[in-house]
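FYI, in our numbering the residues of the sequence shown are -12 to 86. Data first, discussion second: the structure below is written as structure tokens.
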Amino acid sequence: MATLHILSHSPFSDSRLSSCLHLLGAGDGLLLSGDAVHALQPGTVQRQALELMPDSIALYALDEDLQARALSAPSRVQAVDYPAFVELCTRYAKVNSWL
């Protein structure tokens, strides 16, 4: 059963991103929002880990949060707006928010 995982906390303040990456399975998706988009900063271990994820795992980032932090999504990550975020939540069988 495919799951959309949603992260909103900075990857530099705790281990949620690392824990989530270990649990992702084929067909799952990961949406970075809020401070979690800092994982996409160039040259970081977190960005490298995301770019090395298998293609069977979809990676998304909330565009508004990228813009607010002056970041851009690498080619591996699809930037989405709020309507697309809602659509993603309906596309997956389960949604897991990493609070």
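Note that beta-carbon positions come from the ideal geometry of N, C-alpha and C, so glycine has one too. For clarity, every value in this text was computed on a predicted model and none was experimentally measured.
When beta bridges are read from the DSSP output, I(-7) appears opposite L18 and S84. Considering only V64, M(-12) and T77, the residue with the shortest C-alpha distance to G14 is M(-12). Exposure of V73 is indicated by the presence of fewer than 16 other C-beta atoms within 10 angstroms of its C-beta. Judged by beta-carbon spacing, L(-9) lies beyond the 8 Å limit of R3, meaning their Cβ atoms are not closer than that value. The three-state secondary structure of V32, taken from DSSP, is helix.
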